[in-house]
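Below: the structure, in structure tokens.
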Amino acid sequence: MFRHQSTTGRVVSQVLVIVLLLVFLLPLLLVVRESLQGEGWRNYVEVVADTPFVRFFLNSLVIAGSTVAVVTAVAMAAAHGMVVLRAALGRTSQLAIVAGLALPGMALTVPLFVTVQRLGLFDSPIAVILPLSGLAVPFGVLVARNYLAGIPGEIHEAARLDGAGAGQLFARIVVPLARPIMAVIVIFTFLAAWNEYFLPLLFLQEPSAQVVTQIPTYFQSERHIDLPKVFAANLLISLPIVVLYLVFQRQVRAGFLAGAIK
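With our numbering applied, the sequence shown corresponds to residues 1276 to 1537, in that order.
Written as structure tokens, this is what we have:
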């Protein structure tokens, strides 16, 4: 009886996985098909050749890479501090993080615009990197803190007994153990920064400073939209995210699994 139930459960789970896979893959397949309408693969060539794709791609890479570096460093350091100083910080820091997550980015548009204007940061990648980092840090701190809280305290004590200082403890013990959750932070932060459309449009007014998410607008006008090239541009824009996930997929799975267990 139990063997029969186990077999039935596996079949049901496999069917559900296939259904979910189709739900996610069908839109992608439709986009690929539409991107090949008309001139076929030449649509992709024209997206790169007829627009400043390479320039905008590099701009996006600088912004996304810098945002990832800032968020990962700040989130890991803050999470480690919260775990070590758990008694001193208490729930106040956690409430502050949750408040940061609940704050909508659009509510900060006017303050950010005034700040960037007064600092003279228009057309500078910093004008986009700093707001993106500020919006992403609360999520990074929250997931990193939950992960680091699961590291046994005995490991910290053993490192201190061996003479490790606070910096050595963080760099040589905590960071290597936290690679899975760092991969999760990297993926989600890069995804948010790479796909950002509004902030670059607002703060990067110089055409040469624009980002890759602006490329589809080159094939749109008031009276006409070249849909095959728009779809082709969107697929090209999404490639770095796919590559990044393939590189970090093991660490990401380990990070999610560890978080689920905790």
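In this text, a Cβ means the ideal position worked out from N, Cα and C, and glycines have one as well.
### Message
Which of the three DSSP states is assigned to Ile1220 in this structure?
### Response
Nothing in the structure corresponds to residue 1220, since the chain is present only between 1276 and 1537.
### Task
Assign Ile1401 to buried or exposed, taking buried as 16 or more other Cβ atoms, counted over all protein chains shown, within 10 Å of its Cβ.
Burial state of Ile1401 is exposed, judged by a 10 Å Cβ sphere holding fewer than 16 other Cβ atoms.
### Query
Taking the runs of the alpha helix (DSSP H) that are 4 residues or longer, which of them lie wholly in the stretch 1368 to 1425?
Every alpha helix (DSSP H) stretch that sits fully inside the stretch 1368 to 1425 and reaches 4 residues is listed by chain position as 1384 to 1394 and 1401 to 1423.
### Query
Apart from the five residues just before and just after Pro1503, which ones in its own chain have a Cβ nearer than 8 Å to its Cβ?
The residues are Glu1309, Ser1310, Leu1311, Gln1312, Gly1313, Glu1314 and Asn1318.
### Task
Starting from the C-beta of Leu1383, find all residues in its chain whose C-beta is less than 6 Å away, skip the five residues before and the five after it, and write them out in chain order.
Excluding positions up to five away in sequence, the list is empty.
### Task
Pull up the distance between the alpha-carbon of Arg1525 and that of Leu1452, whole angstroms please.
Distance between the alpha carbons of Arg1525 and Leu1452: 14 Å.
### Query
Going by other Cβ atoms of all chains shown within 10 Å of its Cβ, with 16 needed for buried, is Phe1277 buried or exposed?
With a pLDDT of 44 at Phe1277, under the threshold of 50, the modelled position of this residue cannot be trusted, and the question is left open.
### Query
Are three or more beta carbon pairs between the stretch 1436 to 1456 and the stretch 1466 to 1476 nearer than 8 Å?
Below 8 Å, too few C-beta pairs join the stretch 1436 to 1456 and the stretch 1466 to 1476 to call them touching: fewer than three.
### Query
Excluding sequence positions up to five away, which residues of its chain have a Cβ less than 7 Å from the Cβ of Arg1330?
These residues qualify, in order along the chain: Ser1483.
### Task
Tell me whether Gln1443 sits in a helix, a strand or coil according to DSSP, three-state version.
In this structure, Gln1443 counts as helix in the three-state DSSP scheme.
### Query
How is Phe1495 classed by DSSP in three states: helix, strand or coil?
Strictly speaking, residue 1495 in this sequence is Gln, with Phe absent from that position. The three-state reading of DSSP puts Gln1495 in strand, counting E and B together.
### Query
In whole angstroms, what is the alpha-carbon distance linking Glu1432 and Leu1423?
Between Glu1432 and Leu1423, the C-alpha separation is close to 15 Å.
### Query
Which stretch, first to last residue, makes up the alpha helix (DSSP H) that contains Val1320?
Secondary structure note for Val1320: its alpha helix (DSSP H) is the uninterrupted segment Arg1317 to Ala1324.
### Query
Is the stretch 1499 to 1517 touching the stretch 1461 to 1469 in the sense that three or more CB pairs, one from each, lie closer than 8 Å?
Yes: the two stretches touch, three or more of their Cβ pairs being nearer than 8 Å.
### Beta-bridge partners of Ile1500, as assigned by DSSP
Bridge partners of Ile1500: Gln1495.
### Task
Return helix, strand or coil for Leu1291, following the three-state DSSP convention.
Correct three-state label for Leu1291: helix.
### Query
Roughly how many whole angstroms lie between the Cα atoms of Met1351 and Gly1395?
Each residue's alpha carbon lies about 30 Å from the other.
### Task
With a cut-off of 8 Å on the beta carbons, I'd call Ile1500 and Val1322 a contact; round off their distance for me.
Wrong, their Cβ atoms sit about 14 Å apart, outside the cutoff.
### Query
Any idea if Met1381 is buried or exposed, counting beta-carbon neighbours within 10 angstroms, 16 or more meaning buried?
Looking at its Cβ environment, which holds fewer than 16 other Cβ atoms inside 10 Å, Met1381 is exposed.
### Message
So for Ile1536, helix, strand or coil by DSSP?
### Response
Note that Ile1536 scores a pLDDT of 49, beneath 50, so its modelled location is shaky and nothing firm can be said.
### Message
How far does the alpha helix (DSSP H) with Val1459 in it extend, from its first residue to its last?
### Response
Boundaries of the alpha helix (DSSP H) harbouring Val1459: Arg1454 to Trp1469, taken from the DSSP string.
### Query
What is the rounded straight-line gap between the Cα of Leu1387 and the Cα of Pro1379?
When rounded, the distance between both Cα atoms is 13 Å.
### Message
Quick check: what's the CA-CA separation for Glu1497 versus Arg1447?
### Response
If I take the Cα positions, the gap works out to 57 Å.
### Task
Inspect the beta-carbon positions of Met1357 and Arg1435 and report whether they are closer than 8 Å.
Their beta carbons are not under 8 Å apart, which means Met1357 does not touch Arg1435 by this criterion.
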